[in-house]
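Trainee: With the numbering used here as the guide, the letters of the first sequence map in order to residues 203 to 465.
Note that the Cβ used here is the ideal one computed from N, Cα and C, for glycine as well.
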Amino acid sequence: MPELPEVETVVRSVAAYITGQSIEAVTLSSHRVTRGDRDHTIQALVGSTISAVRRHGKQILIELDRGLLYIHLGMTGNLLWNASPGKYSRAVFTLKDGLLVYNDIRQFGRVEFYPETPPHLARVGPDALRIDFPSFFARLKKRQGAIKPLLLDQSILSGVGNIYADEALFAARIHPRTRAGRISQERALKLYRQLQATLKLAIQHRGSSISNHVDARGDPGQYQQMHAVYGRAGEPCLVCGSPIKRIVLGQRGTHYCPRCQRA
DNA sequence: TCAAATGTTTGATC
DNA sequence: GGATCAAACATTTG
203 MPELPEVETV VRSVAAYITG QSIEAVTLSS HRVTRGDRDH TIQALVGSTI SAVRRHGKQI
263 LIELDRGLLY IHLGMTGNLL WNASPGKYSR AVFTLKDGLL VYNDIRQFGR VEFYPETPPH
323 LARVGPDALR IDFPSFFARL KKRQGAIKPL LLDQSILSGV GNIYADEALF AARIHPRTRA
383 GRISQERALK LYRQLQATLK LAIQHRGSSI SNHVDARGDP GQYQQMHAVY GRAGEPCLVC
443 GSPIKRIVLG QRGTHYCPRC QRA
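1) Thinking Y394 and V431 are a contact (beta carbons under 8 Å), I'd like their distance in whole angstroms, please.
2) Could you tell me which whole beta strand (DSSP E) segments of length 3 or greater appear in the stretch 239-324?
3) Closest by CA to R419, which one among Q398, Y304 and S360?
4) Do T211 and R408 have their C-beta atoms closer together than 9 Å?
5) Thinking just about the alpha-carbon of each residue, which of R256, I262 and P438 is nearest to the one in R461?
6) Between the alpha carbons of G279 and Q309, how many angstroms are there, rounded?
7) In the structure shown, what three-state DSSP assignment does L342 receive?
8) Just mark S291 as buried or exposed, buried being the case when its beta carbon has 16 or more other beta carbons within 10 Å.
9) Can you tell me the Cα-Cα spacing of G235 and L451, whole angstroms?
10) Please name the residue, chosen from A330, G443, I349 and R389, that lies closest to A399 on a Cα-to-Cα basis.
11) Determine whether the beta carbon atoms of S180 and K344 lie at a separation below 9 Å.
12) Anyone know if the C-beta pair for Y366 and N284 falls short of 9 Å?
13) Looking only at C-alpha atoms, which of I446, F338, L282 and Q406 sits nearest to Y425?
14) With a 10 Å radius around its C-beta and 16 neighbouring C-beta atoms as the bar for buried, classify T456 as buried or exposed.
15) Using three-state DSSP, classify I220 as helix, strand or coil.
Below you can see the structure in the form of structure tokens.
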């Protein structure tokens, strides 16, 4: 489910429910989602109090009075307030006033406890909404590969996934195969601005619900209705009418308009 | 039955 | 060492 706008939507909706509450009990049922010693993780969590819910890129950081709960939604993770646990519930937190339920069909997500900054954070680059243009441009400059896979590289920039990489490149009229290091400062600035504008607009629409993104209440986002290229292969470009193309780049489906985004 | 799916890590290759 | 690419992970859906 998750790219920056979806994760932000989940963080905002869940924060309103759980901030300030204490954790009274925890059930962890997936050794894939929760690595390591689960009993130890439960022991560390029970009795602590949630002080804040933050996001860095696609990572959710639930700050506790002692330590931190790290959640990554992977591809199919949901974080729901007061939902009934079901077949795909991989973690259930009993809080003072209700249940926080983590569901994840494919189990690509993570629910882990860390006493201090999780090691994952050291591996990821600046958040896509917080990076400034000079460092964005400097990071592009260094690379010679295609821009699309580079936008997906979380160590360069964190938060952008397959949908918003395609949408931002379309908005900036840049072909996904363009070599990153060869993009002029002017065009890079356009990409930077369009990327941030796309992410912010998507947050306003509470993210894209392509398969199973929902917020803490279980409500889907609406931004999928506004996609210009993602998932629109063969359909006419909203700007010029040419059929949207789908290729595979860096193992990911990549959608673009061959006329608006020339190589 | 096959392909594809919002992601990340790991290992191979150049 | 760095960059790049494919495979693997687990499950559903069209």
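Mentor: With the given structure in hand:
1) The Cβ separation is near 19 Å, so there is no contact.
2) 252-258, 261-266, 270-274, 279-283, 291-297, 300-306 and 312-316
3) Y304
4) yes
5) P438
6) 8 Å
7) helix
8) buried
9) First, the residue type needs correcting, since residue 235 is Val and not Gly in the sequence shown. One C-alpha to the other measures close to 28 Å.
10) A330
11) Here the chain has residues from 203 to 465 only, and residue 180 is not among them.
12) no
13) Q406
14) buried
15) helix
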